[in-house]
Ligand SMILES: [Zn+2]
C-alpha cells in the first residue's frame, strides 16, 4: 500500500508537471450557449396523409453518413494507402454549397498526402487543404436530404509517436512506435454542421477538439505483407473476406480507431451479444485481465442503470504512450497505468478503464462539442466511476475513490469551461471532470436516486445519436428535478446561464 501511495504521488506530480506547462490561457471570448439544432430525423413528427412533404424535400435517402475505407497498411514502412468513399446525406435542413472535412493527419508535416478527390464521380481540383481542414465546393447545391458521394484517395506516412517531455506536449497517439501503430482520426470526415456552421475547432494541448456526427463505417483492411500481419484492435467487428483482407464494420459510430501490433496478446469475454477484448503487451497479462474485468463489470453496471450498449464489440487497448482515450467501441489505457496495476480495484488503471467504458455512453451514444463543452461527457464519465464503485466495490468508494480521484486534487473552478480556458491540464480536469462529479453528487442528494437515474436514462434516450448541449442537459435535468429547486447548485458550479 505504501508502495502504491508512492507511485500515486509520482503520478500526481507527473500530472502536475503537465499542468504546469500547459498554462497558455486562451484569450477567446467565452462561448455562448447554442440552441440545440433540430434534428429532422427524430424531432419532426411523421407527416400525416393530409399534409404530404413538399415535393422539393424528399425524405432523407440516408439516415446518416456512410464511410467505406479500403485500406492497405505497410506495417514496416509505417504507411497506409486509403481509398475512401463517403455517402453524405444533407440533414442540415439547409442547402449546402460546400462541404468541410477534418483531416487531422495533416497537422503533422508530410503525414497526409491527398492524391485525389471526386464528387459524385467527377474529379475536383478546386478544393483547399489548410492545416486540418478541407473545403470542397460543390458544383451544384446539395438540397436538404440530398446525398452526395465523395471519394478521396490519400496516403498516410505515419509519424513516429515520439513521447516528448510531458511538460511540453500531451502524449502522442497517432503514428507508430517500435511496437504499435495507432490510427486515430486518420481519415477525413465531414464535420458536423450545427446551426448552419461547420464545427471544426483548433487543437489544444490537452482535451479533445473534434466533434462527430454518427456514421456507419466499413473498413476493408489489407496488409502489404500478409505473412507478418500484426494483431489488430479496432472499432469494428471483423469478418474475413475471400481475398484475405478483413472487413470491420460498425454502425452509428463517432470515430473509427485502429491499433495494430505484432506483440499484442488478447483476452476476450462475451456478454450477451457483445465481445469485449483486452489487447496488451507481453508481461502485462495480469493488468490486461484486470482491465478486461473492470470493463466488463462497469459495462454491466452502465447497461443496467443507463441503458443498453449499442455496438457488438468493445476493444481495450494498451497504448504505447501515457494517455487514456476514447473512440467508438474502443479505448486506450495508458501504459503507465499497467505498470501501476496492483491486482486490486483501488488503482488508476481500474478507474480509467471504467471511465473510458462510460464514454461509450457519454461521447459515443450522446455526443457533445468536446472543445467548447467538454464537461458534458467528462463530468458524466467521471461520475460514472462513482456509480461503478458504489455498485460493485462499495467498500472502496469512501475509503479510496472519493479521495484519490477527487478530493486529493482539491478541485476548483467552474465546470463549464472550454478546453482553451482550462489553464493547464490539471486545473482543466479538476473543473470539467471533478467539479462536475461533485455537482452531480449534490444534485443526486437533492433530488433523490429515483429522479436522478430517471434523468440519466432520459438524457441517454433523448441524446442518443445526437450532439447535445448544456441547454439540453439542464432542460432534461430540470424536468426530472420537478419542484425541487437546484438553481443554487447550478449557480455554484456553472458560469453560463442555461435555459
Ligand atoms: Zn474522459
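Numbering (my numbering), first residue to last: 8 to 506.
From the three backbone atoms N, C-alpha and C, an ideal C-beta is built for every residue, glycine too.
In this structure, the C-beta of residue 91 stays at least 7 Å away from each heavy atom of ligand 1. Within the same chain, 200 come within 6 Å of residue 99 by CB-CB distance, once the 5 residues on both sides are set aside.
Relative to residue 158, the option among 139, 134, 311 whose CA is nearest is 134. The set of residues with any CB-heavy atom separation to ligand 1 below 6 Å comprises, in chain order, 362, 366, 385, 388. The three-state secondary structure of residue 311, taken from DSSP, is helix. Just so you know, the alpha carbons of residue 149 and residue 129 end up roughly 15 Å apart. Taken through DSSP and simplified to helix, strand or coil, residue 202 comes out as coil. DSSP places residue 343 in the uninterrupted alpha helix (DSSP H) bounded by 342 to 347. Put simply, of 197, 311, 462, 231 the residue whose alpha carbon is nearest the alpha carbon of residue 261 is 197.
Partner residues in the beta bridge of residue 140, as assigned by DSSP, are 109, 137.
Annotation for residue 252: 227, 228, 229 place their beta carbon closer than 7 Å to its own, counting only its chain and skipping 5 residues before and after.
For residue 167, no alpha helix (DSSP H) segment is defined, and its DSSP state is neither H nor E. Within the model, the alpha-carbon separation for residue 233 versus residue 427 is close to 44 Å. Exclusion of the five residues before and after residue 388 leaves 362, 365, 366, 369 as the residues of its chain whose Cβ lies within less than 6 Å of its Cβ. Residue 393 has its alpha-carbon roughly 11 Å from the corresponding atom of residue 441. For residue 344, the CB contacts under 7 Å within the same chain, skipping 5 residues up- and downstream, are 355, 356, 359 in chain order.
The alpha carbon of residue 169 has as its nearest neighbour, out of 328, 503, 374, the alpha carbon of 328.
About 6 Å separates the CB atoms of residue 214 and residue 435; that is less than 8 Å, so the two are in contact.
Under the three-state reduction of DSSP output, residue 91 falls in the strand class.
Scanning its chain for C-beta atoms nearer than 6 Å, with the 5 sequence neighbours on each side dropped, one finds around residue 246 the residues 254, in chain order. Collapsing the DSSP output to three states places residue 288 in coil. Of the other Cβ atoms in all chains shown, 16 or more fall within 10 Å of the Cβ of residue 422; this residue is therefore buried.
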